[in-house]
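So in the UniProt record's numbering the end of the sequence shown lands on 528, straight run, no missing numbers.
The structure appears below as structure tokens.
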Amino acid sequence: MFNLSTLLEDGARSVPEKECLVFGDTRLNYAITDMIASQVANLLVARGVRPGDRVALASPNLPYFPFVYFGALKAGAVVVPLNVLLTPREIAYHLEDSGAKALFAFTGTPDLPLGQRSFDAFEQVESCELFVDMPATAGATESTIEGAETIWAALDGMPGTFETVQSNGDDTAVIIYTSGTTGRPKGAELSHTNLMMNAVVAAGLVNPHPDGRDVSLVVLPLFHIFGQTVMLNAALYRHGTMVLLPRFDGDQALSLMQKEGVTGFAGVPTMYWGLLNAARAAEPGRYDLEGIAANMVDAVSGGSALPARLAEDFTELFGVGIKEGYGLSETSPVASFNNPATGAKPGSIGRPVWGVEMRLIDPDWNEVVKEKEGDEDPVGEIAIRGHLIMKGYHDRPEINAEVIRDGWFRTGDIARRDDDGFYFIIDRSKDMIIRGGYNVYPREVEEVLMTHDAVGLVAVVGVPHDTHGEEIKAFVIPKEGSEVTAEELDAFARERLAAYKYPREFEFRTELPMTSTGKILKRELREG
1 MFNLSTLLED
11 GARSVPEKEC
21 LVFGDTRLNY
31 AITDMIASQV
41 ANLLVARGVR
51 PGDRVALASP
61 NLPYFPFVYF
71 GALKAGAVVV
81 PLNVLLTPRE
91 IAYHLEDSGA
101 KALFAFTGTP
111 DLPLGQRSFD
121 AFEQVESCEL
131 FVDMPATAGA
141 TESTIEGAET
151 IWAALDGMPG
161 TFETVQSNGD
171 DTAVIIYTSG
181 TTGRPKGAEL
191 SHTNLMMNAV
201 VAAGLVNPHP
211 DGRDVSLVVL
221 PLFHIFGQTV
231 MLNAALYRHG
241 TMVLLPRFDG
251 DQALSLMQKE
261 GVTGFAGVPT
271 MYWGLLNAAR
281 AAEPGRYDLE
291 GIAANMVDAV
301 SGGSALPARL
311 AEDFTELFGV
321 GIKEGYGLSE
331 TSPVASFNNP
341 ATGAKPGSIG
351 RPVWGVEMRL
361 IDPDWNEVVK
371 EKEGDEDPVG
381 EIAIRGHLIM
391 KGYHDRPEIN
401 AEVIRDGWFR
411 TGDIARRDDD
421 GFYFIIDRSK
431 DMIIRGGYNV
441 YPREVEEVLM
451 THDAVGLVAV
461 VGVPHDTHGE
471 EIKAFVIPKE
481 GSEVTAEELD
491 AFARERLAAY
501 KYPREFEFRT
511 ELPMTSTGKI
521 LKRELREG
């Protein structure tokens with residue numbers, strides 16, 4: 001019997017007065033954080049949520065996220081984190097597909113009215129019976145959303161203690177939605193054991209600070225599995241302090257690093273690029289870069305390949321090498337790690353982490369190995385096995401049978417492995433685009449664009465971009481007799497897709513390169 005909420009509860013027992021969460025002027029210790037999570041658990045039970053029910057959570061990096069995340073886990077519920085950039089149509093799909101019974105949503109801001117969008121989606125979904133607004137003003141009891149109650153009004157009078165439901169380790173704890181080449185997003189079911197083991201492994205990859213301090217700047221979105229495991233759960237396991245930043249900004253990040261004495265940072269490559277640009281553009285004396293560098297003992301990158309020059313420049317300025325990792329939502333996520341302390345190779349995703357096996361396979365699941373000494377490094381699709389592999393995609397048995405066999409999960413990523421056991425990504429068998437660390441799958445974007453009356457055929461690919469890694473480009477063939485502009489399609493896509501998904505570039509053509517069987521040759525489109 002085991003529940004992932006043990007991560008927070010252990011800190012509340014062991015170091016109750018230690019700072020757990022820092023957000024602006026708000027500083028919450030472990031005891032208070034756990035108490036509010038227990039109030040959330042009591043609220044859920046009082047409103048009819050039972051073990052196994054789904055609780056959706058739409059929040060940027062604010063104290064609300066761990067309150068609801070661990071409160072739902074305490075109650076034995078399954079957390080369904082939602083990207084805060086989703087449109088009402090997308091939110092409704094996630095709620096319906098997961099069968100969510102409750103939705104907690106941050107009010108948002110005028111330019112990101114997340115609460116209203118979430119409430120609009122909530123009203124469309126029959127299974128969802130409880131909506132809770134999480135206002136921008138701490139302690140607010142009046143909601144700006146007509147018909148909604150705030151979390152503070154709902155928690156009023158709720159006890160601050162709760163007897164946690166002792167789930168089985170293989171019970172689903174979190175459903176992380178990830179898209180795929182088959183179209184609509186799929187929910188990867190991650191168990192309590194999946195997430196706990198990956199948090200323990202990730203925590204062990206961090207260098208300890210000489211004076212024992214452990215302060216992480218949490219700017220990776222907590223609704224994403226990278227931020228959840230590496231920044232939230234691993235930090236709690238170490239009894240560390242988390243400084244929350246809802247949206248990355250180079251200057252804000254450097255200011256917090258300096259003010260809070262941050263010892264650890266994890267981000268996607270574009271964030272490291274942003275830190276360097278902010279430091280270089282700052283007026284002399286604005287930042288104590290030597291002091292920031294003296295505190296920093298750990299830097300981790302993931303989400304997309306880290307350019308070697310970027311890593312070198314960061315190390316030169318901040319005095320710490322960047323560790324690169326590899327994983328997927330389906331692997332909880334950390335599967336391999338390129339750790340300078342145990343040997344690292346530029347351009348590599350490292351070697352498997354503790355308790356994890358990786359191999360290269362062909363399309364028929366046969367292992368690809370080097371036949372004899374002197375042969376070229378073997379190349380194949382990465383398959384992974386171990387404590388980190390998801391239970392499967394929610395309600396997708398046919399797809400599960402395709403991607404999981406005998407405990408092995410096939411990733412869709414093509415790599416080579418050298419004689420030292422280091423893996424190097426060389427291609428993707430899927431057409432996934434990684435834009436600024438976010439996974440974007442062309443099929444979903446194509447299906448949306450194809451609903452436009454003037455679009456006859458569309459192919460979406462990723463093209464190189466200096467800061468985002470890849471940008472989304474749509475090649476469009478208009479329907480015969482129809483006319484449509486890039487501006488019209490841009491507006492159309494913005495209304496129906498999250499901000500990180502819609503194409504920024506459009507190219508109109510009369511035909512697209514295809515194979516003899518009618519399959520679009522996307523490689524030719526990417527290569528121009």
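Every residue, glycine too, gets a C-beta built ideally from N, C-alpha and C.
Item to check | Stretch pair the stretch 248-257 + the stretch 271-291: three plus CB contacts closer than 8 Å | outcome: yes
Checklist entry - Does the beta-carbon of Ile145 have 16 or more other beta-carbons within 10 angstroms, so that it is buried, or is it exposed? => result buried
Next on the checklist: Could you tell me the alpha carbon to alpha carbon distance between Asp320 and Phe265, rounded to whole angstroms?
Outcome noted: Here residue 320 turns out to be Val, not Asp, going by the sequence shown. Between Val320 and Phe265, the C-alpha separation is close to 11 Å.
Item to check | Segment contact, 8 Å Cβ cut-off, at least three pairs: the stretch 93-101 with the stretch 126-146 | outcome: yes
Checklist entry - Any idea if Glu446 is buried or exposed, counting beta-carbon neighbours within 10 angstroms, 16 or more meaning buried? => result Around the CB of Glu446, 16 or more other CB atoms lie within 10 Å, so the residue is classed as buried.
Next on the checklist: Suppose only complete runs of 3+ residues qualify. What are the beta strand (DSSP E) ranges in the stretch 267-320, listed by chain order?
Outcome noted: The DSSP assignment places complete beta strand (DSSP E) segments of no fewer than 3 residues inside the stretch 267-320 at 298-301, in order along the chain.
Item to check | Limits of the alpha helix (DSSP H) - the one that Pro66 falls within | outcome: Taken as a continuous stretch (DSSP letters only), the alpha helix (DSSP H) holding Pro66 covers 64-74.
Item to check | Three-pair Cβ contact test at 8 Å for the stretch 70-80 versus the stretch 39-52 | outcome: yes
Checklist entry - Nearest-angstrom Cα distance between Glu398 and Glu471? => result 31 Å
Checklist entry - Among Thr33, Arg117, Val219, Pro81, which one has its Cα closest to the Cα of Arg496? => result The alpha carbon of Arg496 has as its nearest neighbour, out of Thr33, Arg117, Val219, Pro81, the alpha carbon of Arg117.
Next on the checklist: Counting only C-beta atoms, is Gly11 closer than 8 Å to chain C at any point?
Outcome noted: No chain C is present in this structure, which holds just one protein chain.
Next on the checklist: Short of 7 Å in beta carbon distance, which residues of its chain neighbour Pro464, apart from the five on each side in sequence? Order them along the chain.
Outcome noted: Glu470
Item to check | Residue span of the alpha helix (DSSP H) that contains Phe119, given as start and end | outcome: 114-122
Next on the checklist: Taking the alpha helix (DSSP H) that Asn198 belongs to, which residues open and close that run?
Outcome noted: 192-204
Next on the checklist: Taking 8 Å as the cut-off, does the stretch 380-392 touch the stretch 403-422 (at least 3 CB pairs, one atom from each stretch)?
Outcome noted: In short, these stretches touch, since the Cβ pair count reaches three.
Checklist entry - Alpha carbon to alpha carbon, what distance is there between Trp273 and Pro425? => result The sequence as given places Ile at residue 425; Pro does not occur at that position. If I take the Cα positions, the gap works out to 21 Å.
Next on the checklist: If distances are taken between C-alpha atoms only, which option among Lys372, Phe508, Tyr423, Leu8 comes closest to Gly327?
Outcome noted: Tyr423
Next on the checklist: Please give me, in chain order, every unbroken run of the alpha helix (DSSP H) with length at least 4 that falls completely inside the UniProt domain "AMP-binding enzyme C-terminal" (444-519).
Outcome noted: 486-496
Checklist entry - Would you call the CB atoms of Ala234 and Ala188 closer than 8 Å? => result no
Checklist entry - What is the DSSP secondary structure of Gly227, counted as helix, strand or coil? => result Look at Gly227 here: in three-state DSSP terms it is helix.
Next on the checklist: Quick check on DSSP: helix, strand or coil for Ala138?
Outcome noted: DSSP places Ala138 in coil when its eight states are reduced to three.
Checklist entry - Near Leu195, what residues of its chain come up, given a Cβ to Cβ distance below 7 Å and the 5 sequence neighbours on each side ignored? => result Leu4, Ala173, Val174, Thr229, Asn233, Ser332
Next on the checklist: Can you give me the C-alpha to C-alpha distance between Arg351 and Thr6, rounded to a whole angstrom?
Outcome noted: 29 Å
Checklist entry - Out of curiosity, what's the CA-to-CA distance linking Val484 and Ala344? => result 50 Å
Item to check | Same chain, Cβ closer than 8 Å to Ile322, neighbours up to 5 away in sequence not counted | outcome: Tyr272, Ala299, Val300, Ser301, Leu306, Ala311, Phe314, Thr315
Checklist entry - In chain order, what residues of the same chain have a beta carbon less than 6 Å from the beta carbon of Phe65, not counting five sequence neighbours either side? => result Ser59, Leu222
Checklist entry - Between Val460 and Ile434, what straight-line distance do the alpha-carbon atoms span, to the nearest angstrom? => result 13 Å
Checklist entry - For Ala41 versus Phe162, is the C-beta spacing smaller than 8 Å? => result yes
Item to check | Helix, strand or coil at Arg523 [DSSP, three-state] | outcome: Here Arg523 sits in helix by DSSP.
Item to check | Cβ neighbours of Pro513 in the same chain (closer than 6 Å, five flanking residues each side left out) | outcome: Leu521, Glu524
Item to check | Met197 classed as buried or exposed, judged by whether at least 16 other C-beta atoms fall within 10 angstroms | outcome: buried
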